[in-house]
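Residue numbers (mature numbering (1 follows the signal peptide of the UniProt record, and there is no 0)): -17 to -1, 1 to 244.
Structure, as structure tokens:
Here's what the structure looks like:
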């Protein structure tokens, strides 16, 4: 009888321990599970933080991302981007807020009465055009009227702008900077020759008013534009900037010109 009573007591004690052991193990299991899941939660949050910092433009990665987007909107190749970043105005434009840059590009394009002009080439050559934050429609219209009055009969400003957007960019920017009435006669003599469609139209490149990139871009147009009003390819070959004064570019310039012989 004593043996039976002892066995029954042991069974009762075992039954009482199991719930206690289970209840004590439950917090430990929950704690281990939380530690196992915590790193996963943190790892998932990191890409979100990184994307927000890039979007906000913080740090070098944000600057590079913004520059890549500005470059893509300009459709700028390596040579064009070197030209952009060679000037303080170009560097400031590359750091411009993307929305502001795209809006100013659109407004400049809509303000020009020449639908076929290469606005991207104008901005690459003269990034200061993107720094104008006034009424671009009124400013361009004011300059355009004055330039048309300055061009001689038979020379059309639309043709000059389409054939040489680099030259037109310099003329437009300098005239927009004039206070009061626009007086094209105050322009640099090389720009006046370009504006009047003379045989010395390439003087803007001789005097380094226009860039080397602008020169190459202009000459590239001769593939499709066989004749420029008031100019000739022969005149260019006889007195071109990069064939005469800038002799360190002679082999490259000769190679470009030879395509149109």
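Virtual Cβ for every residue (Gly too), placed ideally from N, Cα, C.
Inset, instruction - Using a threshold of 8 Å, state whether the C-beta atoms of residue 150 and residue 193 are closer than that. - result: Indexing the chain shown from 1 puts residue 150 at position 167. Indexing the chain shown from 1 puts residue 193 at position 210. With a cutoff of 8 Å on beta-carbon distance, residue 150 and residue 193 are scored as near each other.
Inset, instruction - Count the other CB atoms, across all protein chains shown, that sit within 10 Å of the CB of residue 99; report buried if there are 16 or more and exposed otherwise. - result: Translated into positions along the chain shown, residue 99 becomes position 116. It is exposed - the Cβ of residue 99 has fewer than 16 other Cβ atoms within 10 Å.
Inset, instruction - Using beta-carbon positions only, say whether residue 112 and residue 156 come within less than 8 Å of one another. - result: The residue given as residue 112 occupies position 129 in the chain shown. The residue given as residue 156 occupies position 173 in the chain shown. A contact, by the Cβ cut-off of 8 Å.
Inset, instruction - Can you give me the start and stop residues for the alpha helix (DSSP H) that residue 101 sits inside? - result: Start at 1 with the first residue of the chain shown, and residue 101 comes out as number 118. No alpha helix (DSSP H) holds residue 101; DSSP gives it neither H nor E.
Inset, instruction - Thinking residue 133 and residue 178 are a contact (beta carbons under 8 Å), I'd like their distance in whole angstroms, please. - result: On the chain shown, position 150 is the one that residue 133 refers to. On the chain shown, position 195 is the one that residue 178 refers to. Going by Cβ atoms, the distance from residue 133 to residue 178 rounds to 6 Å, so yes, they are a contact pair.
Inset, instruction - Could you say which of 126, 147, 116 and 65 lies nearest to residue 161 if we only look at CA atoms? - result: Within the chain shown, numbered from 1, the residue matching residue 161 stands at position 178. Looking at the Cα atoms, 126 is the closest of the given residues.
Inset, instruction - Could you tell me which of 97, 198 and 70 sits nearest to residue 124, measuring between CA atoms? - result: Locating residue 124 in the chain shown gives position 141, counting from the first residue. Closest option to residue 124, Cα to Cα, is 97.
Inset, instruction - Express the C-alpha separation of residue 172 and residue 91 in angstroms, rounding to a whole number. - result: Translated into the one-based positions of the chain shown, residue 91 becomes position 108. Translated into the one-based positions of the chain shown, residue 172 becomes position 189. Looking at the two C-alpha atoms, the distance is approximately 26 Å.
Inset, instruction - Would you mind sorting residue 153 into buried or exposed? The rule is 16 or more other CB atoms within 10 Å of its CB. - result: Start at 1 with the first residue of the chain shown, and residue 153 comes out as number 170. By the 10 Å Cβ count, residue 153 comes out buried.
Legend entry - Bounding residues of the alpha helix (DSSP H) (the contiguous stretch that carries residue 148): For the purposes of this step, residue 148 is identified with residue 165 of the chain shown, where counting begins at 1. Element bounds for residue 148: 148 to 159.
Legend entry - Per-residue DSSP class, three states only, for residue 170: Numbered from its first residue, the chain shown carries residue 170 at position 187. In this structure, residue 170 counts as coil in the three-state DSSP scheme.
Inset, instruction - Tell me whether residue 169 is buried or exposed, calling it buried when 16 or more other Cβ atoms sit within 10 Å of its Cβ. - result: Translated into positions along the chain shown, residue 169 becomes position 186. By the neighbour-count rule (16 or more Cβ atoms within 10 Å), residue 169 is not buried but exposed.
Legend entry - Straight-line Cα distance separating residue 103 from residue 77: Walking along the chain shown from the start, residue 77 turns up at place 94. Walking along the chain shown from the start, residue 103 turns up at place 120. Whole-angstrom Cα-Cα distance: 14 Å.
Inset, instruction - Could you check which residue in 83, 106 and 137 has the C-alpha nearest to that of residue 116? - result: As a first step, residue 116 must be located in the chain shown, where it is residue number 133. It is 83.
Inset, instruction - Return the chain-ordered list of same chain residues with a C-beta closer than 7 Å to the C-beta of residue 159, the five sequence neighbours on each side being excluded. - result: As a working note, residue 159 is residue 176 in the chain shown. Excluding positions up to five away in sequence, the list reads 115, 122 and 126.
Inset, instruction - Could you tell me the distance, in whole angstroms, from the CA atom of residue 140 to the CA atom of residue 130? - result: Here the question's residue 140 lines up with position 157 in the chain shown. Here the question's residue 130 lines up with position 147 in the chain shown. Roughly 8 Å between the two C-alpha positions.
Inset, instruction - Quick one: using the 10 Å Cβ neighbour count with 16 as the cut-off for buried, is residue 55 buried or exposed? - result: Start at 1 with the first residue of the chain shown, and residue 55 comes out as number 72. That one is exposed.
Inset, instruction - Excluding the 5 residues preceding and the 5 following residue 85 in the sequence, name in chain order all residues of the same chain whose CB lies nearer than 8 Å to its CB. - result: Within the chain shown, residue 85 is the residue found at index 102, counting from 1. Taking C-beta separations shorter than 8 Å and ignoring five residues to either side along the sequence, the partners of residue 85 in its chain run 56, following chain order.
Inset, instruction - Can you say whether residue 120 is buried or exposed, counting buried as having 16 or more other CB atoms within 10 angstroms of its CB? - result: Counting from one through the chain shown, the residue named residue 120 turns up at place 137. Exposed: under 16 other Cβ atoms inside 10 Å.
Legend entry - Reduced DSSP secondary structure (H/G/I, E/B, other) of residue 84: In the chain shown, residue 84 corresponds to position 101, counting from 1. Of the three classes helix, strand and coil, the one that applies to residue 84 here is helix, per DSSP.
Legend entry - Status (buried if at least 16 other CB within 10 Å, exposed otherwise) for residue 58: If you number the chain shown from 1, residue 58 lands on position 75. Residue 58 sits exposed, since fewer than 16 C-beta atoms from the chains shown fall within 10 Å of its C-beta.
Inset, instruction - Check each candidate in 188, 197, 51 and 166 and name the one with the smallest Cα separation from residue 80. - result: Walking along the chain shown from the start, residue 80 turns up at place 97. Selected option, being the one with the closest Cα: 51.
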